[in-house]
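Residue numbers (my numbering): 105 to 160.
All remarks here apply to the structure that follows.
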Ligand SMILES: [Zn+2]
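Rendered as structure tokens:
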């Protein structure tokens, strides 16, 4: 019997992390360590979305 990793794409600890919805692409994204100090101000899931969404 072959053993495979079944939990692809599933991260149990992820449930504990706060989530937001990206203001650019509309997709939910989870807290990341790099945002630890600036989570309140994070509005985009990536720098790419920030560039796309930051129209001023
Ligand atoms: Zn996004």
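Glycine is no exception: its CB is placed at the ideal position from the N, C-alpha and C atoms.
Here the structure is a predicted model, which means the values were calculated and not measured.
By the criterion of a C-beta distance shorter than 6 Å, residue 147 is surrounded in its chain by 127, once the five residues flanking it on both sides are discounted.
Residue pairing by DSSP places residue 132 opposite 125 in a beta bridge.
The alpha-carbon of residue 107 is positioned some 43 Å away from that of residue 157. In this structure residue 123 touches residue 133 by the C-beta definition: roughly 7 Å separates them, less than 8 Å. In the three-state DSSP reduction, residue 156 falls in the helix class (H, G or I).
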